[in-house]
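Colleague: Once you know that position 185 of the sequence shown is 186 in the numbering used here, the rest is easy, because the numbers rise by one and skip nothing. Using N, Cα and C, we set each Cβ at its ideal position, and we do this for glycine too.
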Amino acid sequence: MVALETTIVVQGLPSPTNLEVAAQCEAAVRTGGAVPATIGVLEGRIVVGLTSAELAQLAESERHAAKLSARDLGLSLALKRDGATTVAGTIAIASRVGIDVMATGGLGGVHRDARESYDESADLTSLSRNQVLVVASGVKSILDVGATLERLDTLGVPVAGYQTNRFPGFYQRDSGFALDWSLADEVEAAAAFLIHSELSTTGFLVANPVSQEHELSSDQHDGALASALERAKSLGVTGKEVTPVLLAEFARYTEGQSVVVNRHLVVANAGLAGRIATAVARNRT
Ligand code: PSU
Ligand code: MN
């Protein structure tokens, strides 16, 4: 099985692209030979394997579903709320129900102003506490990529490129940072994850770059990034609002191109996660 998050659907992508992408991710997991389980919280109940109708309900703007990190899960259940789970929230649930592979677009990480704001995504600490393999196209370029890689090192989370020695930059194939490890195929990924899981209690990050024909040009990317950082600063947003605001400004500046890239990479990651989950299951039996 492959766990899929819902923050990207409810807070990350604009409607109606969000639900289309969610359906394409589920299809991609199945093509990879695995079963998708989209995870979220509906009226105080964790649902592992939301139906498309339930997902559409969760994404309705009038519902104001909360963005749920791992720490918010207990509260959302006790107070009977609706919520979309981030990577942190999703892997906390996945590991408890025995799902060990998940796919997302870009992992959260250390924000550029972390020295003052202390803003570091709980995706990192959650990945250090749950034995789940996450497939992502690196971390979003709105973040401090170098600092994020250093934190993953400290937290004991392995980072391996999928058929690359370069850490991906989400909208672009190369963030400018090198990786020590590269995986040739899904069989190597599964073997490395299973052996790591015997030696450690942390999760595992497989970094899968967006395909060449879909990456943003450097001009477009750098302009959008500057504009997004400026926008977040001028709005003075903090906490869980920061990432959605940055992503929305990227979409506005690139006239929707960033959403197209995001869409391609997350579907590709779901497909790879499906193939890795299949290899993990074969390896176990
Ligand atoms: N990947 C995307 N779009 C997103 C996210 C990831 O392509 O919107 C979400 C994930 O749910 C991730 C979250 O866990 O952004 C990180 O948010 P924060 O920085 O507030 O921890
Ligand atoms: Mn944050």
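On the DSSP bridge assignment, give the partners of Gly-170 in chain order.
Modeller: Start at 1 with the first residue of the sequence shown, and residue 170 comes out as number 169. Paired residue(s): Gly-139, Gln-173.
Colleague: List the whole-angstrom C-beta distance separating Ala-35 from Ala-278, where the pair is believed to meet the contact cut-off of C-beta under 8 Å.
Modeller: Position 34 of the sequence shown, counted from the start, is the residue given in the question as residue 35. Position 277 of the sequence shown, counted from the start, is the residue given in the question as residue 278. Right, their Cβ atoms sit about 4 Å apart.
Colleague: Would you say the beta carbon of Ser-122 comes nearer than 6 Å to a heavy atom of ligand 4?
Modeller: This structure lacks ligand 4; its bound ligands are ligand 1 and ligand 2.
Colleague: On the criterion of 16 or more Cβ atoms from any shown chain inside 10 Å, does Val-98 qualify as buried, or is it exposed?
Modeller: Here the question's residue 98 lines up with position 97 in the sequence shown. Looking at its Cβ environment, which holds fewer than 16 other Cβ atoms inside 10 Å, Val-98 is exposed.
Colleague: Does the distance from the CB of Gly-33 to the CB of Thr-7 come in under 7 Å?
Modeller: Start at 1 with the first residue of the sequence shown, and residue 33 comes out as number 32. Start at 1 with the first residue of the sequence shown, and residue 7 comes out as number 6. Contact: no.
Colleague: Is Ile-94 helix, strand or coil when you go by DSSP?
Modeller: For this step, residue 94 is matched to residue 93 along the sequence shown. Helix.
Colleague: Under the three-state reduction of DSSP, which class applies to Glu-121: helix, strand or coil?
Modeller: The sequence position of residue 121 within the sequence shown is 120, counting from 1. The answer is strand: DSSP assigns Glu-121 an E or B state.
Colleague: Name, in chain order, the residues that DSSP records as bridge partners for Thr-126.
Modeller: Here residue 126 refers to the residue found at position 125 when the sequence shown is read from its first residue. Thr-126 pairs with nothing; no bridge assigned.
Colleague: Nearest CA to the CA of Ala-104: which residue from Ile-94, Arg-116, Val-88, Arg-46?
Modeller: Translated into the one-based positions of the sequence shown, residue 104 becomes position 103. Nearest of Ile-94, Arg-116, Val-88, Arg-46 to Ala-104, Cα basis: Val-88.
Colleague: Using only the heavy atoms of ligand 1, determine whether one of them is closer than 6 Å to the beta carbon of Asn-263.
Modeller: Counting from one through the sequence shown, the residue named residue 263 turns up at place 262. Under cutoff, so the answer is yes.
Colleague: Going by other Cβ atoms of all chains shown within 10 Å of its Cβ, with 16 needed for buried, is Asn-209 buried or exposed?
Modeller: Looking up residue 209 in the sequence shown gives position 208. Looking at its Cβ environment, which holds 16 or more other Cβ atoms inside 10 Å, Asn-209 is buried.
Colleague: Please classify Lys-234: is it buried, with 16 or more other beta-carbons within 10 angstroms of its beta-carbon, or exposed?
Modeller: Translated into the one-based positions of the sequence shown, residue 234 becomes position 233. It counts as exposed.
Colleague: Hey, could you find the ends of the beta strand (DSSP E) Pro-37 is sitting in?
Modeller: The sequence position of residue 37 within the sequence shown is 36, counting from 1. Here the beta strand (DSSP E) through Pro-37 covers 37-43.
Colleague: For a quick check, are the C-beta atoms of Ser-77 and Val-133 less than 7 Å apart?
Modeller: By one-based count along the sequence shown, residue 77 stands at place 76. By one-based count along the sequence shown, residue 133 stands at place 132. Cβ distance not < 7 Å, so Ser-77 and Val-133 don't count as in contact.
Colleague: Alpha carbon to alpha carbon, what distance is there between Gly-45 and Ala-179?
Modeller: Your numbering for residue 179 matches position 178 in the sequence shown. Your numbering for residue 45 matches position 44 in the sequence shown. One C-alpha to the other measures close to 42 Å.
Colleague: Taking the CB atoms as reference points, tell me whether Val-102 and Val-211 lie closer together than 7 Å.
Modeller: In the sequence shown, residue 102 corresponds to position 101, counting from 1. In the sequence shown, residue 211 corresponds to position 210, counting from 1. Not closer than 7 Å, so no.
Colleague: With H, G and I counted as helix, E and B as strand and the rest as coil, what does DSSP make of Val-207?
Modeller: Here residue 207 refers to the residue found at position 206 of the sequence shown. DSSP places Val-207 in strand when its eight states are reduced to three.
Colleague: Report yes if the C-beta distance between Val-146 and Ser-176 is below 7 Å; otherwise report no.
Modeller: One-based indexing of the sequence shown puts residue 146 at position 145. One-based indexing of the sequence shown puts residue 176 at position 175. Contact flag set, yes.
Colleague: Reducing DSSP to helix, strand and coil, say where Lys-241 ends up.
Modeller: Within the sequence shown, the letter at position 240 stands for residue 241. Note: Lys-241 maps to helix in three-state DSSP.
Colleague: Under 7 Å, do Thr-255 and Gln-221 count as touching if we go by C-beta distance?
Modeller: The sequence position of residue 255 within the sequence shown is 254, counting from 1. The sequence position of residue 221 within the sequence shown is 220, counting from 1. Their beta carbons are under 7 Å apart, which means Thr-255 touches Gln-221 by this criterion.
Colleague: Looking at the secondary structure, which residues open and close the alpha helix (DSSP H) in which Ala-229 lies?
Modeller: As a first step, residue 229 is located in the sequence shown; it is residue number 228 there, counting from the start. Unbroken alpha helix (DSSP H) run through Ala-229: 219-236.
Colleague: Is it the case that the CB of Lys-241 approaches a heavy atom of ligand 1 more closely than 6 Å?
Modeller: Taking the sequence shown and counting its residues from 1, the one referred to as residue 241 is at position 240. Checking the Cβ of Lys-241 against ligand 1 gives yes.
Colleague: So, for Ala-66: in the same chain, excluding its five sequence neighbours on each side, which residues have a beta-carbon less than 6 Å away from its beta-carbon?
Modeller: Position 65 of the sequence shown, counted from the first residue, corresponds to residue 66. Correct list, in chain order: Val-11, Leu-59, Asp-83, Gly-84, Ala-85.
Colleague: Could you work out which residue in Ser-129, Ala-54, Phe-205 is closest to Ala-161 when comparing CA atoms only?
Modeller: Translated into the one-based positions of the sequence shown, residue 161 becomes position 160. That would be Phe-205, whose Cα lies nearest to the Cα of Ala-161.
Colleague: Regarding Gly-224 and ligand 1, is the C-beta to nearest heavy atom distance less than 6 Å?
Modeller: Position 223 of the sequence shown, counted from the first residue, corresponds to residue 224. Flag unset: Cβ of Gly-224 not near ligand 1.
Colleague: What residue from Ala-252, Ser-198, Val-48, Leu-80 has the CA that sits closest to Asn-131's CA?
Modeller: Residue mapping note: residue 131 aligns to position 130 of the sequence shown, counting from 1. Considering only alpha carbons, the answer is Ser-198.
Colleague: Using three-state DSSP, classify Ser-62 as helix, strand or coil.
Modeller: Looking up residue 62 in the sequence shown gives position 61. Residue state, collapsed to three classes: helix.
Colleague: DSSP state of Val-158, grouped into three classes?
Modeller: Your numbering for residue 158 matches position 157 in the sequence shown. Of the three classes helix, strand and coil, the one that applies to Val-158 here is coil, per DSSP.
Colleague: Indicate the three-state DSSP secondary structure (helix, strand or coil) for Ala-4 in the structure shown.
Modeller: For the purposes of this step, residue 4 is taken as the residue at position 3 of the sequence shown. In the structure shown, Ala-4 sits in a strand (DSSP, three-state: E or B).
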